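Enquirer: Using my numbering, the first residue of the sequence shown is number 4, and each one after it goes up by one.
Let me give you the structure first, and then I'll get to my questions.
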Amino acid sequence: MSASNAREQGSLAETNLAGLVAQQQDAVVELEESVDGLRRQQDDLVASQISAAPAQSAILALRGEMVGPGLTVMLDDAPADFQLEDSISVNDAIVHQQDVDAVMNALWLGGAEAMSVQGIRITASTPVRCVGNV
4 MSASNAREQG SLAETNLAGL VAQQQDAVVE LEESVDGLRR QQDDLVASQI
54 SAAPAQSAIL ALRGEMVGPG LTVMLDDAPA DFQLEDSISV NDAIVHQQDV
104 DAVMNALWLG GAEAMSVQGI RITASTPVRC VGNV
């Protein structure tokens with residue numbers, strides 16, 4: 004291979020590499036524009052859902068007092084002096100995490116618009132943990 008052929012091939016490789024870089028930069032710009040468009044769509048969808056359900060937006064923002072009928076649910080372990088039948092385990096007489104979850108999920112599914120646990124306002128995605136005996 005002559006020196007001039009090597010220079011020509013090197014020049015060609017540089018041109019091809021420069022072209023590939025330019026193509027990839029164009030692709031990145033297109034993808035960024037696509038991402039921006041998708042973000043705008045997402046923002047529009049969120050805004051339309053919030054404006055369509057003002058009560059729900061208050062819950063999501065954890066703002067605003069809810070007015071209307073409500074109920075209080077109290078979960079408690081059985082009293083310490085509770086006489087267990089042979090078929091009942093001690094674990095059946097205390098409140099567990101799955102009990103708390105079941106009650107809260109039933110309230111949300113039943114149409115609860117707002118909820119608080121021990122005086123703290125929560126949303127459907129707020130984790131509530133049952134830790135230890137009451």
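From the three backbone atoms N, C-alpha and C, an ideal C-beta is built for every residue, glycine too.
All figures in this text were calculated on a predicted structure; none of them were measured in a lab.
Across which residues does DSSP place R124 in a beta bridge pair?
Expert: On the sequence shown, position 121 is the one that residue 124 refers to. For R124, which the question treats as bridged, DSSP gives the partners S119.
Enquirer: From the DSSP output, in three-state form, read off E36 for me.
Expert: Here residue 36 refers to the residue found at position 33 of the sequence shown. Helix.
Enquirer: What does the alpha-carbon distance come out to for the pair Q45 and A127?
Expert: Stepping through the sequence shown from its first residue, residue 45 is reached at position 42. Stepping through the sequence shown from its first residue, residue 127 is reached at position 124. C-alpha separation (whole angstroms): 21 Å.
Enquirer: Is V98 closer than 8 Å to L78 when the C-beta atoms are compared?
Expert: Here residue 78 corresponds to residue number 75 of the sequence shown, with the count starting at 1. Here residue 98 corresponds to residue number 95 of the sequence shown, with the count starting at 1. The Cβ-Cβ distance between L78 and V98 falls below 8 Å.
Enquirer: Taking the straight line between their C-alpha atoms, what separation do you get for Q26 and T18?
Expert: The residue you call residue 26 lines up with position 23 of the sequence shown. The residue you call residue 18 lines up with position 15 of the sequence shown. Approximately 12 Å between the Cα atoms of the pair.
Enquirer: Just to confirm, are V106 and C133 a CB contact at a threshold of 8 Å?
Expert: In the sequence shown, residue 106 corresponds to position 103, counting from 1. In the sequence shown, residue 133 corresponds to position 130, counting from 1. Taking 8 Å as the Cβ cut-off, V106 and C133 do not qualify as a contacting pair.
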